[in-house]
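J.: Position 179 (the sequence shown) corresponds to 308 in the working numbering; numbering is contiguous.
Ideal placement from N, C-alpha and C gives every residue a C-beta, glycine not left out.
Note that the structure is a prediction, hence the values are computed from the model and not measured.
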Amino acid sequence: MKRIMAGFLAVVLTVGLFTGCSQKYTEESNDDASSDNIIITETGEVIKEPVEEDLIMEEQEATTAPTQSPEEEMPTPVVEIDVPEPEQVITEEDQTEPQGNGLQLVFLGDSIFDNNRDGTGIPYLTAVQCEADVFNLAIGGTSASVGKNEETDLDKWNSIGFCGIVNAMMGKISTDIFEGTRAKELLDNENIDFSQTDYFIVEYGTNDFFQGTLRADLDNMFDLRTYGGALRWGVYQLMDIAPDATIILCSPCYAQFYKDGYLVGDGNMTDLGYGTLFDYKGTCNYVANELGCIFFNAYQDLGVDGYTIDQYTEDGLHFSAEGRQLYADALAKIILNYEETKNN
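1. Just the Cα atoms here: how many angstroms apart are Gly309 and Ile268?
2. Output needed for Val263: all residues of its chain with C-beta closer than 6 Å, excluding positions within five of it in sequence on either side, in chain order.
3. Can you check whether the CB of Ile464 is closer than 7 Å to the CB of Tyr328?
4. Would you mind reading off the limits of the beta strand (DSSP E) that contains Ala261?
5. Can you tell me whether Asn336 is buried or exposed? The criterion is at least 16 other CB atoms within 10 Å of its CB, across all chains shown.
6. Have a look at Phe323, Thr399 and Glu468 and flag the residue whose alpha-carbon is nearest the alpha-carbon of Leu367.
7. Let me know the secondary structure DSSP gives Leu367 once reduced to three states.
8. Mind checking who Asp395 pairs with in its DSSP beta bridge?
9. Which same chain residues end up closer than 6 Å to Thr375 when comparing Cβ atoms and leaving out the 5 residues on each side of it in sequence?
10. Tell me which residues share the same chain as Val218 and place their Cβ nearer than 7 Å to its Cβ, disregarding the 5 neighbours each side in the sequence.
11. Under the rule that 16 or more other beta-carbon atoms within 10 Å means buried, what is Val141, buried or exposed?
12. Do Thr271 and Gly290 have their C-beta atoms closer together than 7 Å?
13. Got a sec? Which residues, its chain only, sit under 6 Å from Asn296 by beta carbon, not counting five neighbours each side?
14. Could you tell me the alpha carbon to alpha carbon distance between Gln454 and Glu222, rounded to whole angstroms?
15. Under 8 Å by Cβ, that's how I've got Ile377 and Cys422 pegged, so tell me the actual separation to the nearest angstrom.
16. Rounded to the nearest angstrom, what separates Glu209 and Phe339 at their Cα positions?
17. Mapping the DSSP letters down to three states, classify Cys422 as helix, strand or coil.
18. Give every residue of the same chain whose Cβ lies closer than 6 Å to the Cβ of Leu420, excluding the five residues on either side of it in the sequence, and list them in chain order.
19. Give me whichever residues DSSP pairs with Asn378 in a beta bridge.
20. Could you tell me the distance, in whole angstroms, from the CA atom of Phe242 to the CA atom of Leu446?
21. Which complete beta strand (DSSP E) runs does the segment 406 to 463 hold, if anything under 3 residues is left out?
22. Given this structure, state the Cα-to-Cα distance separating Val212 from Phe448, to the nearest angstrom.
23. I'd like to know whether the C-beta atoms of Tyr403 and Arg344 end up nearer to each other than 7 Å.
24. List the whole-angstrom C-beta distance separating Ser380 from Asn418, where the pair is believed to meet the contact cut-off of C-beta under 8 Å.
25. Apply the 10 Å Cβ neighbour rule to Asn473 and answer buried if 16 or more other Cβ atoms are within range, or exposed otherwise.
26. Whose C-beta lies closer than 7 Å to the C-beta of Glu451 among residues of the same chain, with five residues either side of it excluded?
27. With 16 other CB atoms within 10 Å as the buried threshold, where does Asp284 fall?
28. Return helix, strand or coil for Gly238, following the three-state DSSP convention.
29. Residue range of the alpha helix (DSSP H) that Glu314 falls in?
30. Roughly how far, in whole angstroms, is the beta-carbon of Glu226 from the beta-carbon of Asn320, given that I think they are within contact range, below 8 Å?
31. Following the continuous alpha helix (DSSP H) through Ile475, name the residue where it begins and the one where it ends.
32. Go through its chain and collect everything with a Cβ distance to Val331's Cβ below 6 Å, but skip five positions before and after it.
33. Identify, in the order they occur along the chain, each residue of the same chain with its Cβ nearer than 8 Å to the Cβ of Glu494, setting aside the five sequence neighbours on each side.
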């Protein structure tokens with residue numbers, strides 16, 4: 130019996146040895162084959178740079194999770210984080226009336242665009258460089274998706290995020306739900322003609338991430354309760370509002386997250402239910418490519434990372450004055466380059 134057991138263990142060890150060697154060889158071979166698409170982040174995490182096939186797979190994989198309905202509870206986050214809420218500043222530099230400039234820019238987004246309406250905010254700084262009229266419809270704390278407890282029937286609509294702003298622009302819902310926001314003043318201003326918009330600059334995703342919003346649902350590609358579905362639906366409506374407008378979809382930017390003053394993660398590694406912030410960037414990229422929008426990869430192309438986060442943000446998320454100028458410079462460059470291409 131002992132000889133049989135010894136023989137059996139020898140076989141197991143031999144198989145394990147060859148299996149381990151084979152596995153190691155396969156992993157090394159795969160690493161070599163995909164090295165051109167690998168990014169080693171400032172946190173030490175290895176991220177594969179998405180190519181077209183990856184974006185398609187990402188959108189499909191995002192739908193493998195159970196569809197989130199209004200009655201379902203939010204997924205349990207892997208880690209708890211604090212969401213900073215800086216105070217908004219508004220001065221006369223925040224444009225509310227047309228000034229007759231050559232271009233009209235309309236910004237839609239969250240606090241990244243809504244904060245600092247004092248001549249130092251991203252929309253204003255972008256418009257100055259483009260010599261454009263600018264109307265900033267962003268509202269801090271909002272998301273692209275409709276929240277699980279928010280109404281989607283037009284007569285009961287109460288979501289003030291991307292889909293709500295778009296519905297109000299089309300006159301489908303009352304602007305009363307936007308009471309207390311700068312967006313309401315612009316939506317109610319009869320002197321502003323959104324159909325004459327040259328560029329819609331749309332920036333959402335960070336709050337969708339914070340809320341643990343499902344990124345996509347292949348059974349309903351226009352599901353307003355998913356990040357990708359809401360983006361897709363909203364972009365189509367903007368195309369109807371201003372058929373000649375160019376739409377720029379801005380991804381969420383790299384961020385770091387804190388809990389009780391301690392760093393607990395970043396956009397590359399923190400998952401609050403349906404992917405990391407980097408994954409939400411990928412969904413935005415997918416929708417932009419699908420609908421022919423200009424995609425601004427603020428996550429990777431802006432220059433904000435683990436080494437520069439303190440320089441360009443105030444709290445790991447919201448931009449400092451230098452960071453806002455950096456963002457505005459990037460957007461202005463996209464718009465001016467596109468205008469030059471059109472004129473040529």
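T.: In terms of the structure at hand:
1. Inter-residue distance for Gly309 and Ile268 is about 10 Å (C-alpha atoms, whole angstroms).
2. Gln224, Leu234, Pro252 and Ala256.
3. The answer is yes: Cβ separation under 7 Å.
4. In the DSSP assignment, Ala261 falls within the unbroken beta strand (DSSP E) covering Ala261 to Asn265.
5. So Asn336 counts as buried.
6. Nearest C-alpha to Leu367 among Phe323, Thr399 and Glu468: Phe323.
7. Looking at Leu367 - three-state DSSP - the assignment turns out to be helix.
8. Asp395 is bridged to Gln385.
9. Counting only Cβ-Cβ distances below 6 Å, and skipping sequence neighbours, we find Tyr328.
10. Hits under 7 Å: Asn245, Arg246 and Asp247.
11. Residue confidence for Val141 is low, a pLDDT of 35 falling below 50, so the modelled location carries little weight; the figure read from the coordinates is stated next. So Val141 counts as exposed.
12. Taking 7 Å as the Cβ cut-off, Thr271 and Gly290 qualify as a contacting pair.
13. A distance below 6 Å between beta-carbons, with the five flanking residues on each side excluded, links Asn296 to the following residues of its chain, in chain order: Ile302.
14. Taking the straight line joining both Cα atoms gives about 16 Å.
15. Rounded to the nearest angstrom, the Cβ distance from Ile377 to Cys422 is 7 Å, consistent with a contact under 8 Å.
16. So the alpha carbons of these two residues sit roughly 10 Å apart.
17. Look at Cys422 here: in three-state DSSP terms it is coil, with no helix or strand label.
18. Non-local C-beta neighbours of Leu420 in its own chain, meaning closer than 6 Å and more than five positions away in sequence, comprise Val364, ordered along the chain.
19. Note that residue 378 is Leu in the sequence shown here, rather than Asn. Leu378 is bridged to Val331 and Phe424.
20. Straight-line Cα distance between these residues: approximately 12 Å.
21. List check, beta strand (DSSP E) in window: 423 to 425.
22. One C-alpha to the other measures close to 14 Å.
23. Note that the C-beta distance between Tyr403 and Arg344 is below 7 Å.
24. In this structure, Ser380 and Asn418 do not form a Cβ contact; the two beta carbons are roughly 12 Å apart against a cut-off of 8 Å.
25. The Cβ neighbour count for Asn473, taken over all protein chains shown within 10 Å, is under 16; the residue is labelled exposed.
26. The residues are Gln440 and Tyr441.
27. Per the 10 Å Cβ criterion, exposed.
28. In the structure shown, Gly238 sits in a strand (DSSP, three-state: E or B).
29. Taken as a continuous stretch (DSSP letters only), the alpha helix (DSSP H) holding Glu314 covers Arg311 to Leu316.
30. About 6 Å separates the two Cβ atoms, so the contact holds.
31. With the chain running from 130 to 473 in the structure shown, residue 475 is simply not present.
32. Counting only Cβ-Cβ distances below 6 Å, and skipping sequence neighbours, we find Leu237 and Leu378.
33. Any property of residue 494 remains undetermined from this structure, which presents the chain solely from 130 to 473.
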